[in-house]
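Throughout the sequence shown, residue numbering follows mature numbering (1 follows the signal peptide of the UniProt record, and there is no 0), covering -23 to -1, 1 to 504 in sequence. Every residue, glycine too, gets a C-beta built ideally from N, C-alpha and C. Report on one structure; see the data block that follows.
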Amino acid sequence: MKLITYGLLCLAAFSAETCSAEGIPTPAPKRIAVIGAGASGTSAAYFIQQGMTNTSTPVSITVYERSDQVGGRVNAITVPGTNLMIETGAAIFIDTNANLIKYAAQFNLTVQPAASGLSNTHANPKLGIWNGTDFSFMQTGNATADQAVIVSRFGVYSIGAISQLIQSYAVQFLKVYYPAAVNGTFDTMRSILEYLGLQSTTQATAQNALNAAIPNLNANYLAEVVEIATRENYGQGLAQIHTMGMAISVVGSSGTAYQVQGGNQQVFQKLLAASGATVHLKTPVAAISKSVSATGDSEGAVQYTVTTAAGSSTDYDAVVMASPPIATTTSSNAKSSITWQNLTTPNYFTTPNALVTPPVTYRSIHVTIVAGVVNPLYFKARSFSQLPLAIYSTQDASATCPFTSLVVHEVLTFAQILKIAAASLYTNRSAIEPTAFFTLTKVFSPEALTERQLARLYGARFWTYQTSYNAYPNLVPRDEGQFPPLTVDTQLYYPNAFEPFISTMETSMISAQNVANLLVRDLTQSA
């Protein structure tokens, strides 16, 4: 009789839970949807799986990605006809980026210096600052001569004072790796900024903050070093970007830069695989609808129905929106919005501008990769050997100069260029000059480079690849209370709320960890 009773109990509970071998009912898995398989989404899936493993509640995670690949804005491509790879999106990280370093090692990925060995094998100047007319500063690679020019042009006072200020911010920021932060549950961006003690770093432009903190700064150093870093990293000048955006840019540009051999996206591919999530690529989400149960034991329970563009619908206990949910971009390439239904009003996903000012808008960055011959005459040089391997344009040059940066990633052999030309169906291979200086370059620009502009920048092109990203928010000044919410509604989370503070691969992982902690807390408390 006891066996029969037990069997009936298990049968009655089957819709919500199953029975273990010991006869103890186990709860049904919590169903989690993650929208977006970029750095935030893949990291969130992994951290949720890890967090739920430490509870008695099983979890089932599904990741939706509108594109055909994992990594989002982190994407390396292979140059046709070769085994060369080049990052088109988020390209580098530094040794203090603890999560990227940790998980690259955990997944047996090889971390190497970015552009390893290139600057040591060619006699070209290493770096040049282009003001639209000529090079206002050039780094030759001769340490003694370069140091003398740096001291003369920029002055030790400005270099030291700005470095000291930025270092103070960096020390504060590293608190994100303390156990209290890694294991914590920060419900708002305000609480994160207050924990770090960095509220003031988002409240003013870098230009105003630097001038207020450090008198008599060297104008050349600001324009040709600090602002070059902010333009390259975030597409903004010192008069637009907030102080923390400036600090992160300079830190990222001044130390040793690293990347994962074979592409940085491998970190996020591995995280997603380790999460055990079901992954739907090429599956854009059309609508997400919230409902609240009004009857039975589940009264008050929240559920979200995710409907894809193809029309299939699935119910979930929680949703992590791991990509910008609305068309908030300064460019015309904004992706269509998800339709949100029945959310508590007001909320950030349906009325963002009513809750957050200034609005969070994303900056479109255009990437052009060329295998060809750079035209030295564009830069008033007689030959390629006189050109810097990395060329950056100043803010003052932006009215006439179409690019933010033009960087040589590889110097190619004649044999390599023939293979590239053949693979890319270049039709005039017999006219390729064997003695030309062939390069693989990457160009960042605020707008797509036209054929006319490319014809001026290059004497010959054998393969050209162009893409664009809504790469990061405009890091404009905002009060600590004017960030998007990390929790948009009950069991609806938004890790990208961190991006208007700092937008990097590493901080995407940091925010995803915090959101995972919030989700695990909320679901297990209500389990």
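Straight across, the Cα-Cα distance linking Thr260 with Val297 is about 16 Å. Going by DSSP, Pro329 is part of the alpha helix (DSSP H) stretching over Pro329 to Leu332. Look at Ser275 here: in three-state DSSP terms it is coil, with no helix or strand label. In this structure, the alpha-carbon of Val228 lies about 8 Å from that of Ile143. A residue is called buried once 16 or more other Cβ atoms fall within 10 Å of its Cβ, and Gln124, having fewer, is exposed.
For Ser290, the number of other beta carbons within 10 angstroms of its own is below 16, and it is reported as exposed. Counting only runs of at least 4 residues, the region 351 to 425 fully encloses the following alpha helix (DSSP H) elements, listed from N- to C-terminal order: 391 to 400. Nearest to Gln89 by C-alpha distance, out of Ile106, Ala100, Ile71 and Gly105, is Ile71. Phe150 carries a helical assignment under DSSP once its states are collapsed to helix, strand and coil. Cβ contact annotation for Ala348 (same chain, cutoff 6 Å, sequence separation greater than five): Ile397, Leu417, Phe439 and Trp440, in chain order.
According to the DSSP assignment, Gln124 belongs to no beta strand (DSSP E) but to the alpha helix (DSSP H) extending over Ala120 to Phe131.
Under the DSSP definition of a beta bridge, Ala437 partners with Val350. The beta carbon of Ile409 lies closer than 6 Å to none in the same chain, with the five residues before and after it left out. In its chain, beyond the 5 residues on either side, Phe163 have a beta carbon closer than 6 Å to the beta carbon of Asn491. In terms of Cα proximity to Thr484, the closest of Trp107, Gly222 and Tyr198 is Gly222. In terms of Cβ geometry, Glu457 and Leu170 form a close pair [threshold 8 Å]. Straight-line measurement puts the Cα of Asn210 at about 20 Å from the Cα of Leu151. Counting along the chain, Glu64 sits inside the beta strand (DSSP E) bounded by residues Met62 to Glu64. Three or more beta-carbon pairs separated by less than 8 Å link the region 248 to 267 to the region 30 to 40, which places the two stretches in contact. Look at Ile315 here: in three-state DSSP terms it is coil, with no helix or strand label.
In the structure shown, the three-state DSSP call for Gly15 is strand. In this structure, the straight-line span from the alpha carbon of Ile12 to that of Val385 is close to 36 Å. Under the 8 Å Cβ criterion, the region 418 to 426 does not count as touching the region 450 to 469, having fewer than three qualifying pairs. The three-state secondary structure of Val283, taken from DSSP, is strand.
Between the alpha carbons of Tyr355 and His343 lies a distance of about 20 Å.
Between Ser140 and Glu201, the C-beta gap is not smaller than 8 Å, which leaves the two residues out of contact.
Selection Asp111, Asn108 and His99 evaluated against Gly118 yields His99 as nearest (Cα-Cα).
Excluding sequence positions up to five before and after Gly48, its CB lies within less than 6 Å of the CB of Gln242 and Phe245, all in the same chain and listed in chain order. The DSSP-derived three-state label of Arg43 is coil.
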